[in-house]
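In my numbering, the protein residues as written are 3 to 381.
What follows is the structure, given as structure tokens:
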């Protein structure tokens, strides 16, 4: 960011406005996490099930009450749009893209998983971290900018996804109807700002028969490290770390018994190269690339990454040096966005687990970071 763009007094006004909206934000999150938005069978006007549709309707209704223009993209995604006084760039928008669908609740909860239970400054519920709390924090961050009447050059959108947990069909559809943002982030990963994501390939190995499959597993899978060494695909670099093989699944295909697994790979690899090496290592078996998302990488000093580094450091006072991730987010498919929050360093193993939680103070800190981020990106 250019030094002259920074305005400490204005930043303080934005942070204070977020604080004033804090209890409204927390109450809205509690209301939202009480909706069971686990994907279910598609129904008319509900491509990902009635629960997800209910959550989308609730998010758009909330945004409408805040005075935002709302758009429902055929119930696949929806968004709140804000054109501030002074908006001049009508061709592109800045976006925060999160999701309202959640993974199944599972077992082991101390409180009902969709209760929005609050205790000792913590909210517990499926989806509070992944990803309803963070995307509503983005909505309230934009609301703070709107209430202050700050001039912005670009439209800002808060985009509500509905199929992040089950295949990104929502985003694929969105991109057939809408342009991607010129810059933006998804609040569905970790801090500091993530400038690069590994690639993610899913590979299927089919054997001639059951015995051949067992031999393959004994030789290459069982008791093997997850770095792909036995499979001949081990790779490591200083930027991303080691390639990882995981999520093994036995299958019965028309061609024969098979094992499927995913490969989380650094940007120095390609999916085609990995498949070719597997074919050499596993000659006699059929190797098929089921799906692939290429690595995502931005320069650390580009305007997007540098801005998000600044806003994180400004609000938290912590080191914001950009990092990489082994995870996969909407950034795999949505151009021009990076993962950014909501989990702070040291917070791991919360989403998708029983008793999923988020500290109320962390929610407010997120909203402050996102408010400054949306402001500076839209200038």
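Just so it is clear, CB atoms sit at the ideal spot from N, CA and C, and this is done for glycine as well. This structure is a prediction, so every number in the text was calculated from the model and none was measured.
Residues of its chain near residue i, where Cβ-Cβ distance is below 8 Å and the 5 sequence neighbours each way are ignored
i: residue 17; result: 317, 370, 373 and 374
i: residue 48; result: 54, 55 and 77
i: residue 325; result: 192, 194, 195, 196 and 197
i: residue 321; result: 194 and 315
i: residue 278; result: none
Reduced DSSP category for residue i - H, G, I as helix; E, B as strand; rest coil
i: residue 266; result: strand
i: residue 24; result: helix
i: residue 250; result: strand
i: residue 281; result: helix
i: residue 146; result: helix
i: residue 294; result: strand
i: residue 90; result: coil
i: residue 206; result: strand
i: residue 153; result: coil
i: residue 122; result: coil
i: residue 139; result: helix
i: residue 132; result: helix
i: residue 162; result: strand
i: residue 235; result: coil
i: residue 260; result: strand
i: residue 107; result: coil
i: residue 275; result: helix
i: residue 98; result: strand
i: residue 4; result: Note that residue 4 scores 45 on pLDDT, short of 50, meaning its location in the model is unreliable; the coordinates nonetheless yield the value given after this. Of the three classes helix, strand and coil, the one that applies to residue 4 here is coil, per DSSP.
i: residue 381; result: coil
Integer Cβ distance of residue i from residue j, believed to fall under 8 Å
i: residue 51; j: residue 44; result: 7 Å
i: residue 295; j: residue 202; result: 5 Å
i: residue 53; j: residue 38; result: 5 Å
i: residue 220; j: residue 248; result: About 19 Å separates the two Cβ atoms, so there is no contact after all.
i: residue 327; j: residue 199; result: 5 Å
i: residue 64; j: residue 30; result: 6 Å
i: residue 98; j: residue 164; result: No, residue 98 and residue 164 are not in contact; Cβ-Cβ is about 16 Å, not under 8 Å.
i: residue 150; j: residue 15; result: 6 Å
i: residue 270; j: residue 237; result: 6 Å
Residue i Cβ short of 7 Å to the ligand COA heavy atom set
i: residue 78; result: Ligands displayed in this structure: none; no statement on the ligand COA is therefore possible.
Environment of residue i [buried if 16+ CB atoms lie within 10 Å]
i: residue 115; result: buried
i: residue 5; result: With a pLDDT of 46 at residue 5, under the threshold of 50, the modelled position of this residue cannot be trusted; read the value that follows with caution. Its Cβ having fewer than 16 others within 10 Å, residue 5 is exposed.
i: residue 224; result: exposed
i: residue 285; result: exposed
i: residue 191; result: buried
i: residue 108; result: exposed
i: residue 19; result: buried
i: residue 133; result: buried
i: residue 268; result: buried
i: residue 255; result: exposed
i: residue 334; result: buried
i: residue 293; result: exposed
i: residue 142; result: buried
i: residue 69; result: exposed
i: residue 93; result: exposed
i: residue 84; result: buried
i: residue 40; result: buried
i: residue 331; result: buried
i: residue 2; result: The structure shown does not extend to residue 2, since the chain is modelled only from 3 through 381, so no value can be given for it.
i: residue 122; result: exposed
i: residue 8; result: exposed
i: residue 304; result: exposed
i: residue 209; result: buried
i: residue 250; result: exposed
i: residue 241; result: exposed
i: residue 46; result: exposed
i: residue 274; result: exposed
i: residue 319; result: exposed
i: residue 129; result: buried
Other residues of its chain near residue i: CB distance less than 6 Å, five sequence neighbours each side excluded
i: residue 126; result: 113, 119, 357 and 359
i: residue 185; result: 96, 306, 338 and 379
i: residue 90; result: 155
i: residue 290; result: 206
i: residue 222; result: 232 and 233
Residue i at chain B interface by Cβ criterion, 8 Å
i: residue 330; result: This model lacks chain B altogether, as it is built from one protein chain only.
Own chain, CB closer than 7 Å to residue i, minus 5 neighbours either side, in chain order
i: residue 3; result: With a pLDDT of 45 at residue 3, under the threshold of 50, the modelled position of that residue is not reliable, and no figure is offered here.
i: residue 136; result: 100, 189, 190, 343, 344 and 368
i: residue 176; result: 75, 78 and 79
Can you list the alpha helix (DSSP H) stretches of 4 or more residues lying completely in the stretch 296-378, in chain order? Counting only unbroken stretches of 4 or more residues, the alpha helix (DSSP H) elements lying wholly within the stretch 296-378 are 305-318, in sequence order.
Note down, one range per segment and in chain order, each beta strand (DSSP E) of at least 3 residues found wholly within the stretch 167-200. 185-188 and 196-199
Which runs of the beta strand (DSSP E) at least 3 residues long sit entirely within the stretch 7-87? Give them in chain order. Along the stretch 7-87, the beta strand (DSSP E) occurs as fully enclosed runs of 3 or more residues at 71-75 and 79-84, listed in sequence order.
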